[in-house]
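Q: Be aware that the sequence shown starts at 143, since it is given in the working numbering, and climbs by one per residue.
Each residue gets a CB set at the ideal place from its N, CA and C atoms; glycine is no exception.
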Amino acid sequence: METNQVSQAPALSPLVIKERTGSIDIAEVIAVLKGDITALHIRQAFSTEVAEEITANFNRNPGLKERRDGVPGQYVGASHYRKDAATYFAEAENARPFVDALFGNLVDPARGLFDALKRELHKQGIELRLARSDDGQANICRALSWSGGGAYALEPHDDVAQVLCAGNDYELPAVAHNTVAALNFYPSMPEEGGNLRLWSHKPTVTDRKSQGVGTTGYPYSSAYLKAVPYRDLQLRAGDIGLIDGGFVHGVTRQSGNGDRRLLLNNFFGFARPDLVLWWT
Ligand SMILES: O=C(O)CCC(=O)C(=O)O
Ligand SMILES: [Fe+2]
143 METNQVSQAP ALSPLVIKER TGSIDIAEVI AVLKGDITAL HIRQAFSTEV AEEITANFNR
203 NPGLKERRDG VPGQYVGASH YRKDAATYFA EAENARPFVD ALFGNLVDPA RGLFDALKRE
263 LHKQGIELRL ARSDDGQANI CRALSWSGGG AYALEPHDDV AQVLCAGNDY ELPAVAHNTV
323 AALNFYPSMP EEGGNLRLWS HKPTVTDRKS QGVGTTGYPY SSAYLKAVPY RDLQLRAGDI
383 GLIDGGFVHG VTRQSGNGDR RLLLNNFFGF ARPDLVLWWT
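1) With respect to the alpha helix (DSSP H) encompassing Phe410, which residues constitute its N-terminal and C-terminal limits?
2) Check whether the Cβ of Val218 lies closer than 7 Å to any heavy atom of ligand 1, and answer yes or no.
3) Count the CB pairs spanning the stretch 391-404 and the stretch 233-249 that are closer than 8 Å, and state whether there are at least three.
4) Hey, out of Ala187, Ala232, Ile172, whose CA is closest to Gly380's CA?
5) When you compare each of Gln304, Val192, Gly292 to His222 by their alpha carbons, which one comes out closest?
6) Leaving out the 5 sequence neighbours to the left and right, which residues in its chain are closer than 8 Å to Arg238 when beta-carbon positions are compared?
7) Just checking, does the stretch 290-300 make contact with the stretch 404-415 on the three C-beta pairs under 8 Å criterion?
8) In chain order, what residues of the same chain lie with their CB nearer than 8 Å to the CB of Trp420, ignoring the 5 residues before and after it?
9) In this structure, does DSSP put Tyr223 in helix, strand or coil?
10) For the alpha helix (DSSP H) that contains Lys351, what are its first and last residues?
11) In the DSSP assignment, what residue or residues form a beta bridge with Phe327?
12) Using 8 Å for Cβ pairs, my map puts Gly177 next to Ala234. What's the rounded Cβ distance?
13) Quickly, what does DSSP pair Ser275 with across the bridge? List them, please.
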């Protein structure tokens with residue numbers, strides 16, 4: 143007999159956060175991939191010149207579009223969120239010249255990290271590659287600028303539901319049983335706000351269903367998160383934030399009339415013990 147119909151408070155999972163200044167270390171990237179670190183915040187990880195050039199290339203990009211999938215924001219590139227594989231990979235192929243145009247003649251910092259991680263994993267007998275299908279392959283990154291107008295520029299969510307429920311035409315669902323690492327480079331940040339907020343909670347399938355976000359992981363309500371402790375990563379242009387996307391996270395409201403918040407983002411994780419996939 144069921145006696146307890148009262149909904150449970152979300153179970154807490156500890157946040158292991160590492161913040162420092164300097165260049166990113168592949169051993170730390172692998173620690174996030176393996177679930178040993180929840181969030182890695184590297185300050186001043188790439189140069190102001192590179193950050194400014196990418197921001198200018200985003201603002202004048204002919205491939206810049208408004209999101210129409212219920213998540214307010216502008217973007218260059220492709221997102222697999224709520225798309226079947228054929229649609230996503232076709233979009234990724236079409237968007238590639240525009241993603242390339244974000245970097246012009248620069249060395250793309252996301253590609254630099256991909257190449258370094260690929261070399262290190264190869265030494266360990268693990269292949270790293272872009273997710274793919276008969277319709278094409280993923281890009282190295284996408285560029286995003288959130289425009290939510292409430293307490294959050296990007297509402298609290300997790301990145302695992304969209305991977306778990308991506309559909310059998312993708313290679314991705316297997317990754318959802320391991321850490322879904324979300325890698326973010328920040329070329330431009332507002333004067334105030336735009337923090338990456340991480341809650342001490344890793345929702346289960348049951349948690350998501352109870353919140354009506356079973357297939358999307360987006361958005362979790364303030365009521366649900368009320369009793370959950372959180373930490374903010376206070377980001378500046380030139381920083382990198384690498385997180386375990388299974389933890390609930392969101393972006394706080396930004397203020398100031400100056401620069402808008404821009405990030406380059408991608409996801410990666412183990413699909414098999416000998417294979418890590420990378421996608422957007
Ligand atoms: O903008 C950020 O800092 C986080 C982005 C994010 O959570 C996402 O793209 O899923
Ligand atoms: Fe996310």
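A: Quick look at the numbers:
1) Locating residue 410 in the sequence shown gives position 268, counting from the first residue. Phe410 -> not in any alpha helix (DSSP H); beta strand (DSSP E) instead, spanning 404-414.
2) Here residue 218 refers to the residue found at position 76 of the sequence shown. Val218 Cβ: outside cutoff for every heavy atom of ligand 1.
3) As far as the Cβ criterion goes, the stretch 391-404 does not touch the stretch 233-249, which means the pair count is below three.
4) Sequence index remark: in the sequence shown, residue 380 carries index 238 (1-based). Of the candidates Ala187, Ala232, Ile172, the one whose C-alpha sits nearest the C-alpha of Gly380 is Ala187.
5) For this step, residue 222 is matched to residue 80 along the sequence shown. Checking every option, the nearest Cα to that of His222 belongs to Gln304.
6) Translated into the one-based positions of the sequence shown, residue 238 becomes position 96. The answer, listed in chain order, is Asn281.
7) As far as the Cβ criterion goes, the stretch 290-300 does not touch the stretch 404-415, which means the pair count is below three.
8) Reading the sequence shown from its first residue, position 278 is the one you call residue 420. The answer, listed in chain order, is Phe256, Leu270, Arg271, Leu272, Ala273, Ala280, Ile282, Asn408, Phe409, Phe410.
9) Here residue 223 refers to the residue found at position 81 of the sequence shown. Of the three classes helix, strand and coil, the one that applies to Tyr223 here is coil, per DSSP.
10) Residue mapping note: residue 351 aligns to position 209 of the sequence shown, counting from 1. 347-352 is the span of the alpha helix (DSSP H), which, as asked, contains Lys351.
11) Against the sequence shown, residue 327 aligns to sequence position 185. Per DSSP, Ile382, Leu406.
12) To locate residue 177, count along the sequence shown from 1; it is residue 35. To locate residue 234, count along the sequence shown from 1; it is residue 92. Not quite, the Cβ-Cβ distance comes to about 27 Å (not below 8 Å), so this is no contact.
13) Within the sequence shown, residue 275 is the residue found at index 133, counting from 1. In the DSSP secondary-structure assignment, Ser275 is bridged to Gly278.
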